[in-house]
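Peer 1: Got a structure for you, written out below as structure tokens; questions coming shortly.
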Amino acid sequence: MNGGKKFNTANLVLVFSILVLVVVVAVPVILIFITAFFENGKFNLAGVMKILSDPDTYQALLNSVIIASGVTLVSTVIGTFFAWLIARTDLPFKKVMKALFLVPFMLPSFIGALAWKVLLSSRAGYINKLLMAVFGFQKAPIDIMSLGGIIAIESMYLFPFVFLQVAGALERMDPTLEESARISGAGLGTITRKITLPLVMPSILSGALLVALYSLSHFGVPSILGTEKGIYNIPTKIYERIYASGGSFGAIRVGTILSMILVIAAALILKLQDVLLKKGQYQIIAGKSMRPVVLKLRGLKIPLLIVSIVYIAITVVLPTVTIFMVGGLKTYGLPFALTNMTWDNYLKIFQWRMTKDAIWNSLYLSLGAAFVTMLAGTMISYVIVKMKVKGKFLLQFLGVLPFSLPGTVIALGVILTWSGRFGINLYNTPWIIFVAYIARYMAFSIKSNSASLSQVSDSLEEASRACGATHWQSLKNIVLPLIKPGMISAFFLIFLPALRELTTSVLLYGPTTRTIGVAIYALNEDGETVRAAALASVALLIIFMGEAIIRKFLAQLDKPRAKVEE
Amino acid sequence: MTQLKLMDVTKRFGDVIAVNRLNLDVEKGECFSFLGPSGCGKTTTLRMIAGFEDLDEGELSVDGKVFSSSYKRYYLPPEHRDFGMVFQAFAVWPHLTVRDNVAFPLQIRKRPKQEIAERVKMALQSTGLTHREESYPGKLSGGEQQRIALARAIAINPKVMLLDEPLSNLDAKLREEMRFEIKDLQKKFDFTIIYVTHDQAEAMALSDRMLVMDRGVVQQVGKPLDVYNKPANKFIFSFIGLSNFIPVALSGGKARIEGVADVVCGAAPMDIGSKALMACRPSDIDFIGAGEGDMAEAGAASMGARVARRTYLGDIIDYKIVAGNSEIRVQKPRHAKGPAEGEPCRIRINRILWYPAE
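Okay, here's the thing in structure tokens:
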């Protein structure tokens, strides 16, 4: 009888897990497909082709491809170079430099884009004005609001994907693979070309594909730097169509068709990455930890250190400082002098209705979504990793599916699902954003939780059962405490990106449900650059504080664990 | 003829002296092992020979030619030393086929195609890999991967072969097989071997001579059997083979175990103080009849004891016996007669080495 009861509980958990994923993930995706390919209940491929060949949408497609190619190329070169510099040379202050190269991950790219618009727009960019004054140019020398500008700024914020992958591979690589080439008579140049580069090539390519995936469906930078000049990529075009038509079904249909392109491209990219990683997954991890071969930079040491510092100063410090300074200006366009600055702007952020609401909305939406998604992800991961039940492959598929879905696509799916079609209308309420965040970040939660669950050996739970604990007691006393760090890191993996989310929220917000990202975006659209910058400054402060707390928290959690492993 | 010469070689990592004033001559054609616990400096020494680490002090020369020297401020990089080397983790390149792995050192040296083909063939034949030529290493077993590493190292016909714990990633049976294969390759290609290991059985089986190191300092250099039979100090005695250390009190050449009134040895050395350690191998102890055992016999001792535990280890029986406050380990062949667990007994220690007590 006991066995039967357990079986039922297991099935209940399985059914509930599938239900969550079907409602949150599967239904929206299916509705997008149906809306894209069916018109009035009939399969209509001609309609799809007609929209794709429309010059307006075709141009957006083309721009997406151009931007993604450019960003991928630039990010890969920069990321690989700095990764090599950190992992394979005697560059000073490596640890600090490595941490600094990852800071762009923390900065929301649309805030960065806003800063660069302030600095380098052709009309009023501060740097442009400076250059014109100093060199006597007639016209602004740099126009950041162009395809090239979009590529440059996006690369600044996406290159860490390549950097992380390649630096990780280089650091983990067994140094004797290179030493054996040296003792075979090869010099450093030959080793780099024939041994090191081929061995880390899978990591370089997989980082590059990740950049391509993000860039193709990136909304923030093109929306700030492109829209004003009529440069659209797919996500900004979808937004423009829906926004211009006031959310008409026709515009949403165009959106779903363009979304299909994004989904198919993402699926292809992820498939390619999978193939690459499987094919190239060499066993290059060291058996014995040893110092890797480090190239002595000698005379180039200081110049390369300066190059790295300047790079970080330009990509991280300059935009951040710009945002804080512009946020304090009495009127936009004034020179940066103390007499033109006021603290009032920042204080008003907390008084003014729109910005106050935005901060509050973002906080509770991201905290709530992070909490719910963490719990649901833990449950689903438990079914996937630990339970021997049929049908869990479905969970696995649905769980990681949102990872390949761009934010724009998720927003469209959520609109289609929760606008009354199934009797529930969440449109214009905060709940629609809440549901969208859960869908968007479920994959993060499942990934993080699965990783920590698969490290908890089955025998630990079995030992607890053998000691007389019930299934539930074993879960509560053994499994949960062991996976707590994974759960907490899942929480933050969701909370922080959700806090500054723009792509999804911008399609879902209503008059009273703006989030921080949406509010900054709207203020910028309305030409309220100073207010946008002031709100962005507050957002940056919240993000920095959040990151600092997490780091401290996770470091503390890791400590007792490290002891057990030793 | 001396092939490899190390003079006062010293290496520091920060404040730690990894290798302290090491002096060594290795003869041509010798198989020479560095033996010691992990962190003793043996791998660091090998890496200095290979050229992966520069030396802080001293000089290293091969065939009379200086390779590294702190006096002459000279350092020849590893790629110009023409050594063969095999690493613990195999270090075969996963993106190259077996053949390309082995051909690599020859291609680097820009040998003619014909010669490369012949040498690769020869190296693969000698290591039994001919049928694996086109495979990628990832598809092969650990043993086969280590053979690729060996084939790659012998491809250039090196005069000196450096082996850094090459067998420790293999299972026990394969490890024994490979020992003989390495010896066979040495006979065939006539190179000098420098072999680093922490496994004393491996060092004993392979080496013509060996060097035992501890904490960066050479403890003893000699033929395996000499090191085993005449360990220079307590560290070596306990590191090589099983050992008993029995604390005794000495007076007038007579030794007594703590807690036993009888004299156990009447011919103890007079010059190591009043407390000492009586060291012996478990296999050098016999069970004897009551009243047997001559106290005056030099280098021997006998005493009454009790069997605390008796364990069958397959070929041998392992006894833990207690004499006074000391526990002594005895090992006898499985067919030899011995006392049962819990019984009193009398033992004679046949070969004793004396060390001062700590």
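If you're matching them up, the sequences are chains A and B in order. For the first sequence, the working numbering begins at 1 and goes up steadily by one. For the second sequence, the working numbering begins at 1 and goes up steadily by one. Here a beta-carbon is modelled for each residue, glycine too, at the ideal position from N, C-alpha and C. As the structure is a prediction and not an experimental result, all values here were calculated from the model.
Which runs of the alpha helix (DSSP H) fall wholly inside the region 412 to 476 of chain A and span at least 4 residues, in chain order?
Peer 2: 430 to 454, 458 to 466, 471 to 474, all fully within the region 412 to 476 of chain A.
Peer 1: Please list the partners that A/P92 has in chain B, where partner means a Cβ-to-Cβ separation under 8 Å.
Peer 2: In chain order: nothing, as chain B lies at least about 17 Å away.
Peer 1: Of the residues B/E133, B/N169, B/K121, B/T130, which one's Cα is nearest the Cα of B/G142?
Peer 2: Looking at the Cα atoms, B/N169 is the closest of the given residues.
Peer 1: Put A/M173 into one of helix, strand or coil per three-state DSSP.
Peer 2: Of the three classes helix, strand and coil, the one that applies to A/M173 here is strand, per DSSP.
Peer 1: Spatial neighbours of B/C265 within its chain, please: C-beta separation below 6 Å, excluding the five flanking residues on both sides.
Peer 2: Correct list, in chain order: A255, A301.
Peer 1: Given that B/P105 touches chain A, what residues does it touch there, using C-beta distances under 7 Å?
Peer 2: Within chain A, the residues near B/P105 are S184, G185.
Peer 1: Please report the straight-line C-alpha distance between A/L365 and A/E179, rounded to a whole angstrom.
Peer 2: If you take the alpha carbons of A/L365 and A/E179, they lie about 53 Å apart.
Peer 1: Which residues, taken in chain order from the region 184 to 212 of chain A, show a beta carbon closer than 9 Å to some beta carbon of chain B?
Peer 2: Flagged, chain order: S184, G185, A186, G187, L188, T190, I191, K194, I195, P198, L199, M201.
Peer 1: Which of the three DSSP states is assigned to B/Q219 in this structure?
Peer 2: B/Q219 falls in the strand class under three-state DSSP.
Peer 1: Since B/I365 sits in a beta bridge, which residues does DSSP pair it with?
Peer 2: Here chain B comprises residues numbered 1 to 358, so residue 365 of chain B is not present and cannot be evaluated.
Peer 1: By a C-beta neighbour count over all protein chains shown, 10 Å radius and 16 as the cutoff for buried, is A/K98 buried or exposed?
Peer 2: Flag for A/K98 reads buried.
Peer 1: Closer than 6 Å by C-beta to B/S69: which residues in its own chain qualify, once you throw out the five before and the five after it? Chain order, please.
Peer 2: Excluding positions up to five away in sequence, the list reads E59.
Peer 1: Suppose you measure from the CA of A/K301 to the CA of A/T89; what does that come to, to the nearest Å?
Peer 2: For A/K301 and A/T89, the distance between alpha carbons rounds to 9 Å.
Peer 1: Taking the alpha carbon of B/K332 as the point to measure from, which residue in B/M161, B/T311, B/T192, B/R147 has its own alpha carbon closest?
Peer 2: When only C-alpha atoms are compared, the closest one is B/T311.
Peer 1: By the criterion of Cβ-Cβ separation under 8 Å, what are the contact partners of A/D174 in chain B?
Peer 2: Under the 8 Å cutoff, chain B gives A89, A91.
Peer 1: Can you grab the Cα-Cα spacing for the pair A/G468 / A/L460, in whole Å?
Peer 2: The straight-line gap from Cα to Cα measures roughly 13 Å.
Peer 1: Measure the C-alpha to C-alpha separation of B/V307 and B/A340 and round it to an integer number of angstroms.
Peer 2: B/V307 and B/A340: Cα-Cα distance of roughly 7 Å.
Peer 1: Quick check on the burial criterion: 16 or more other C-beta atoms within 10 angstroms. Buried or exposed for A/Y58?
Peer 2: Result: exposed.
Peer 1: Would you report the Cα separation of B/L6 and B/N23, rounded to the nearest angstrom?
Peer 2: About 5 Å.
Peer 1: Starting from A/I224 and walking both ways along the alpha helix (DSSP H), at which residues does that stretch end?
Peer 2: Looking at the DSSP string, the run of the alpha helix (DSSP H) that includes A/I224 is 220 to 225.
Peer 1: For the region 27 to 52 of chain B, list every residue whose C-beta sits within 7 Å of some C-beta in chain A, in sequence order.
Peer 2: Per Cβ criterion, the list reads A50, F52.
Peer 1: Along the region 389 to 407 of chain A, what residues have a CB closer than 7 Å to any CB found in chain B?
Peer 2: Listed by position along the chain: nothing, the set is empty.
Peer 1: Considering Cα atoms alone, identify which of A/A167, A/S184, A/S122, A/S64 is closest to B/E79.
Peer 2: Of the listed residues, the one whose Cα sits closest to B/E79 is A/S184.
Peer 1: So who's on the other strand from A/R353, going by DSSP bridges?
Peer 2: According to DSSP, A/R353 bridges with nothing at all.
Peer 1: Would you give the residue range spanned by the beta strand (DSSP E) that B/S326 belongs to?
Peer 2: Its beta strand (DSSP E) spans residues 326 to 333.
Peer 1: With H, G and I counted as helix, E and B as strand and the rest as coil, what does DSSP make of B/W354?
Peer 2: Three-state result, B/W354: strand.
Peer 1: My output table needs one value for A/L114: the three-state DSSP class, helix, strand or coil.
Peer 2: Helix at A/L114.
Peer 1: Reducing DSSP to helix, strand and coil, say where A/V275 ends up.
Peer 2: In this structure, A/V275 counts as helix in the three-state DSSP scheme.
Peer 1: Can you tell which of B/V330, B/A89, B/I194 has its C-alpha closest to the C-alpha of A/M173?
Peer 2: The residue with the shortest Cα to Cα distance from A/M173 is B/A89.
Peer 1: For the 8 Å Cβ check, are there 3 or more pairs between the region 190 to 203 of chain B and the region 150 to 168 of chain B?
Peer 2: Yes, they touch.
Peer 1: Measure from the C-beta of A/L177 to each C-beta in chain B and report whether the shortest distance is under 8 Å.
Peer 2: So yes, A/L177 belongs to the interface.
Peer 1: Is it buried or exposed, B/H335, if we count other Cβ atoms within 10 angstroms and call 16 or more buried?
Peer 2: Looking at its Cβ environment, which holds fewer than 16 other Cβ atoms inside 10 Å, B/H335 is exposed.
Peer 1: Output, in chain order, the set of chain B residues within a Cβ distance shorter than 7 Å of A/S419.
Peer 2: Those within 7 Å of A/S419 in chain B number zero; the least Cβ separation is about 52 Å.
Peer 1: Which bits of chain B does A/S180 rub up against, with CB to CB less than 7 Å?
Peer 2: Under the 7 Å cutoff, chain B gives M85, F87, A91.
Peer 1: Could you tell me whether any Cβ in chain A is nearer than 8 Å to the Cβ of B/H95?
Peer 2: Cβ-Cβ to chain A under 8 Å: yes for B/H95.
Peer 1: By Cβ distance, which residues of its chain are closer than 7 Å to A/A337, with the 5 residues on each side in sequence left out?
Peer 2: Within the same chain, A/A337 has no close Cβ partners at all.
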